[in-house]
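Colleague: In this note's numbering, the protein residues as written are 3 to 488. Quick one: the structure is below, and I'll ask about it shortly.
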Ligand SMILES: Cc1cc2nc3c(=O)[nH]c(=O)nc-3n(C[C@H](O)[C@H](O)[C@H](O)COP(=O)(O)OP(=O)(O)OC[C@H]3O[C@@H](n4cnc5c(N)ncnc54)[C@H](O)[C@@H]3O)c2cc1C
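Dropping the structure here:
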């Protein structure tokens with residue numbers, strides 16, 4: 003008799019694949035069902051006229067020997083299967099504000115030194131800032147995982163400290179404060195809600211070392227899927243899960259869109275918690291819990307322009323460029339038709355280690371789902387001329403904003419493509435195309451950080467909504483989720 007415990011994973015995003023990897027290699031019979039043709043969720047890429055574009059994973063940090071991501075990549079068998087290129091160590095990120103470009107250099111000392119060229123008397127404030135960052139790391143799972151491979155539970159005290167309040171109390175110089183928060187599109191920050199925890203983890207992660215994928219982050223998804231299959235599991239694309247069937251005590255099976263039913267001992271959801279509620283019709287989930295989960299606010303979506311440059315015309319920029327159009331890093335998600343975009347992120351994509359010219363770039367700005375909600379009913383590619391016109395207008399607005407900061411860019415563009423919040427909704431299934439899922443609130447850390455356990459005892463959650471978003475947060479969250487079964 004086959005005694006292998008069977009696990010069904012719903013969704014092949016990074017979280018689902020990492021859980022699948024750990025469980026398949028530890029004797030579980032794993033099947034991952036993915037609704038899309040391409041696996042990977044935010045790790046999906048697409049190609050147009052010979053140029054490849056990333057959609058939702060552009061750069062990662064702490065990949066040098068001994069650093070956290072390096073050890074996680076080793077843990078998931080990725081180290082030799084994913085090609086990376088180091089970003090400029092003197093300016094891995096550049097924040098642009100008020101006509102000035104502020105570089106962020108790798109390493110605490112170097113970063114402080116570079117910033118002090120612009121803010122010569124702010125050394126003591128910057129040192130206080132770094133201490134705050136280090137305190138967060140020391141109190142989080144990152145340090146316990148690195149020192150002895152253990153996870154500590156979420157530190158709700160750290161999660162209840164607001165990023166904007168911390169920066170205001172630590173940094174008196176207003177410009178410096180906003181420059182430090184200038185990369186906040188990386189966590190879709192909200193001035194009144196976002197915990198300092200997210201700011202600190204992201205700062206520390208990239209400040210140690212920062213890398214771009216060479217040839218696309220889909221390498222990560224492909225490598226994980228291959229490992230799952232080598233360990234006897236399956237990763238099945240084009241298979242939306244429509245229902246999770248429960249008896250009076252637990253989940254027993256899932257129903258696919260085809261009507262097929264698949265049974266398992268355990269189930270892991272890699273989809274948005276609100277979406278999960280739609281798949282579950284069971285008294286095990288109380289109405290009050292369902293309502294709380296579905297009413298949680300989500301981070302804002304975004305509009306992206308995918309740029310293909312004319313051959314050998316655009317020098318490769320080995321830095322990420324964060325632009326703030328006003329005098330604040332906060333509230334750039336609160337825009338009007340007239341003043342959009344209030345911020346953007348511009349990154350060249352890397353296709354070889356020795357790249358001299360860029361083939362492609364992405365240009366990303368916040369966008370509310372409401373801006374495109376009127377086209378929600380129509381299918382991808384069939385949204386009509388009005389939608390295409392809307393996207394073209396927005397793309398031109400965004401490209402003009404970039405041209406202002408980087409003159410000479412537009413003339414080097416061969417062609418461009420766009421995606422809107424509707425695209426993100428279609429391709430990742432996050433609520434309203436939300437970029438990073440649930441908005442964490444420092445005033446409500448418990449409610450806005452759903453756990454990997456659910457009210458159905460053999461159904462667990464993984465992915466960006468349960469631990470934290472990004473390569474680091476999702477991988478660590480997958481270890482916690484898979485750890486429930488191992
Ligand atoms: C524009 C953008 C840029 C980003 N840049 C970076 C970056 O540079 N660095 C970084 O570290 N992080 C970045 N992130 C964040 C990071 O990509 C995500 O946090 C992470 O990849 C999310 O992984 P996940 O496991 O939660 O699942 P997701 O990627 O959300 O995947 C969920 C999967 O579930 C599938 N699914 C949904 N419903 C069903 C169903 N009913 N049946 C079957 N399958 C289903 C979806 O199709 C999808 O494949 C970025 C995100 C975005 C959107």
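Ideal Cβ placement from N, Cα and C applies to all residues, glycine included.
#1: Report the CB separation of residue 244 from residue 221 in whole angstroms; it is logged as a contact under 8 Å.
#2: Say the cut is 6 Å; is the CB of residue 36 nearer than that to a heavy atom of ligand 2?
#3: Which partner residues of residue 103 appear in the DSSP bridge assignment?
#4: What separation, rounded to the nearest whole angstrom, lies between the Cα atoms of residue 11 and residue 219?
#5: Note down the Cα distance separating residue 378 from residue 120, rounded to an integer number of angstroms.
#6: Within the present structure, is the beta-carbon of residue 400 separated from the nearest heavy atom of ligand 1 by less than 6 Å?
#7: In the DSSP assignment, what residue or residues form a beta bridge with residue 477?
#8: Would you report the Cα separation of residue 142 and residue 169, rounded to the nearest angstrom?
#9: Decide if residue 129 is buried, meaning its Cβ has at least 16 other Cβ atoms within 10 Å, or exposed.
#10: On the three-state DSSP scale, how would you describe residue 247?
#11: For ligand 1, is there a heavy atom less than 6 Å away from the beta-carbon of residue 272?
#12: Hey, how far is the Cα of residue 202 from the Cα of residue 136?
#13: How is the beta strand (DSSP E) around residue 221 delimited, first residue to last?
#14: The alpha helix (DSSP H) that contains residue 292, what's its start and end?
#15: Does the distance between the C-beta of residue 16 and the nearest non-hydrogen atom of ligand 1 fall short of 6 Å?
#16: Given this structure, state the Cα-to-Cα distance separating residue 388 from residue 444, to the nearest angstrom.
#17: Beta carbon of residue 72: closer than 6 Å to some heavy atom of ligand 1?
#18: If you draw a straight line from the alpha carbon of residue 127 to that of residue 330, how long is it in whole angstroms?
#19: First and last residue of the beta strand (DSSP E) that includes residue 121?
#20: Given a cut-off of 7 Å, decide if residue 172 and residue 131 are closer than it, judged by their beta-carbon atoms.
#21: Kindly indicate which three-state DSSP category residue 279 falls into: helix, strand or coil?
#22: Quick check on the burial criterion: 16 or more other C-beta atoms within 10 angstroms. Buried or exposed for residue 354?
#23: How many Å lie between residue 466 and residue 413 at the Cα?
#24: Taking its Cβ as the centre, do 16 or more other Cβ atoms sit within 10 Å of residue 490, making it buried, or is it exposed?
#25: Pick helix, strand or coil for residue 395, following the three-state DSSP scheme.
#26: State buried or exposed for residue 176, treating a residue as buried only when at least 16 other CB atoms are found within 10 Å of its CB.
#27: With distances taken between CB atoms, is the gap from residue 45 to residue 223 smaller than 7 Å?
#28: Enumerate, from N- to C-terminal direction, the unbroken alpha helix (DSSP H) stretches of 4 or more residues contained entirely within the region 399 to 479.
#29: Are the CB atoms of residue 69 and residue 351 within a distance shorter than 7 Å?
#30: Is residue 138 near ligand 1, with its Cβ less than 6 Å from a heavy atom?
#31: Cα separation between residue 166 and residue 348?
#32: Mind checking residue 376: buried by the 16 CB within 10 Å criterion, or exposed?
#33: In the DSSP assignment, what are the bridge partners of residue 12?
#34: Give the range of the beta strand (DSSP E) segment to which residue 53 is assigned.
#35: If you draw a straight line from the C-alpha of residue 101 to the C-alpha of residue 392, how long is it?
#36: To which residues of the same chain is residue 371 closer than 6 Å at the C-beta, ignoring the five residues directly before and after it?
Modeller: The short version:
#1: Locating residue 244 in the chain shown gives position 242, where the first residue counts as 1. Locating residue 221 in the chain shown gives position 219, where the first residue counts as 1. With 8 Å as the limit, residue 244 and residue 221 do not qualify as a contact, their Cβ atoms being about 30 Å apart.
#2: The model on display carries ligand 1 but not ligand 2.
#3: Residue 103 sits at position 101 when you count from the first residue of the chain shown. Answer is 98.
#4: Taking the chain shown and counting its residues from 1, one reaches residue 11 at position 9. Taking the chain shown and counting its residues from 1, one reaches residue 219 at position 217. Roughly 21 Å separates the two Cα atoms.
#5: Position 376 of the chain shown, counted from the first residue, corresponds to residue 378. Position 118 of the chain shown, counted from the first residue, corresponds to residue 120. Answer to the nearest angstrom: the Cα atoms are 46 Å apart.
#6: Position 398 of the chain shown holds residue 400. No, the Cβ of residue 400 stays beyond 6 Å of every heavy atom of ligand 1.
#7: What you label residue 477 is simply residue 475 of the chain shown in a count that begins at 1. Note: residue 477 sits in no beta bridge, so no partner.
#8: Locating residue 142 in the chain shown gives position 140, where the first residue counts as 1. Locating residue 169 in the chain shown gives position 167, where the first residue counts as 1. If I take the Cα positions, the gap works out to 19 Å.
#9: On the chain shown, position 127 is the one that residue 129 refers to. The residue is exposed, with fewer than 16 neighbouring Cβ atoms inside 10 Å.
#10: If you number the chain shown from 1, residue 247 lands on position 245. The answer is strand: DSSP assigns residue 247 an E or B state.
#11: As a working note, residue 272 is residue 270 in the chain shown. Yes, the Cβ of residue 272 comes within 6 Å of a heavy atom of ligand 1.
#12: On the chain shown, residue 202 is found 200 positions in, with the first residue counted as 1. On the chain shown, residue 136 is found 134 positions in, with the first residue counted as 1. If I take the Cα positions, the gap works out to 8 Å.
#13: In the chain shown, counting from the first residue as 1, residue 221 sits at position 219. Run containing residue 221: none in the beta strand (DSSP E); it sits in the alpha helix (DSSP H), 220 to 232.
#14: Along the chain shown, read from residue 1 onward, the residue named residue 292 stands at position 290. Unbroken alpha helix (DSSP H) run through residue 292: 289 to 296.
#15: Translated into positions along the chain shown, residue 16 becomes position 14. Flag set: Cβ of residue 16 near ligand 1.
#16: As a first step, residue 388 must be located in the chain shown, where it is residue number 386. As a first step, residue 444 must be located in the chain shown, where it is residue number 442. The straight-line gap from Cα to Cα measures roughly 40 Å.
#17: Residue 72 sits at position 70 when you count from the first residue of the chain shown. Answer for residue 72: no, Cβ out of range of ligand 1.
#18: Within the chain shown, residue 127 is the residue found at index 125, counting from 1. Within the chain shown, residue 330 is the residue found at index 328, counting from 1. Residue 127 and residue 330: Cα-Cα distance of roughly 19 Å.
#19: Along the chain shown, one-based indexing puts residue 121 at 119. Premise fails: residue 121 is in no beta strand (DSSP E) and is neither H nor E.
#20: Locating residue 131 in the chain shown gives position 129, where the first residue counts as 1. Locating residue 172 in the chain shown gives position 170, where the first residue counts as 1. Contact check for residue 131 against residue 172 passes: the beta carbons are separated by less than 7 Å.
#21: Here residue 279 refers to the residue found at position 277 of the chain shown. Residue 279: helix per DSSP, three-state reduction.
#22: Walking along the chain shown from the start, residue 354 turns up at place 352. When all chains shown are included, residue 354 counts as exposed.
#23: Position 464 of the chain shown holds residue 466. Position 411 of the chain shown holds residue 413. Between residue 466 and residue 413, the C-alpha separation is close to 38 Å.
#24: Here the chain comprises residues numbered 3 to 488, so residue 490 is not present and cannot be evaluated.
#25: For the purposes of this step, residue 395 is taken as the residue at position 393 of the chain shown. Correct three-state label for residue 395: helix.
#26: As a first step, residue 176 must be located in the chain shown, where it is residue number 174. With fewer than 16 other Cβ atoms within 10 Å, it is exposed.
#27: Here the question's residue 45 lines up with position 43 in the chain shown. Here the question's residue 223 lines up with position 221 in the chain shown. Yes. Within cutoff.
#28: For the region 399 to 479, whole alpha helix (DSSP H) runs of length 4 or above, ordered along the chain, are 423 to 430.
#29: On the chain shown, position 349 is the one that residue 351 refers to. On the chain shown, position 67 is the one that residue 69 refers to. No, the Cβ-Cβ distance between residue 351 and residue 69 is not below 7 Å.
#30: Sequence index remark: in the chain shown, residue 138 carries index 136 (1-based). Incorrect: residue 138 has no Cβ contact closer than 6 Å to ligand 1.
#31: Indexing the chain shown from 1 puts residue 166 at position 164. Indexing the chain shown from 1 puts residue 348 at position 346. C-alpha separation (whole angstroms): 24 Å.
#32: Translated into positions along the chain shown, residue 376 becomes position 374. Per the 10 Å Cβ criterion, exposed.
#33: If you number the chain shown from 1, residue 12 lands on position 10. DSSP lists 35 and 271 as partners of residue 12.
#34: Locating residue 53 in the chain shown gives position 51, counting from the first residue. Start and end: 53 to 56.
#35: In the chain shown, the residue the question calls residue 101 occupies position 99. In the chain shown, the residue the question calls residue 392 occupies position 390. The alpha-carbon atoms of residue 101 and residue 392 are separated by roughly 29 Å.
#36: Indexing the chain shown from 1 puts residue 371 at position 369. Within the same chain, residue 371 has close Cβ partners 303, 423, 434 and 435.
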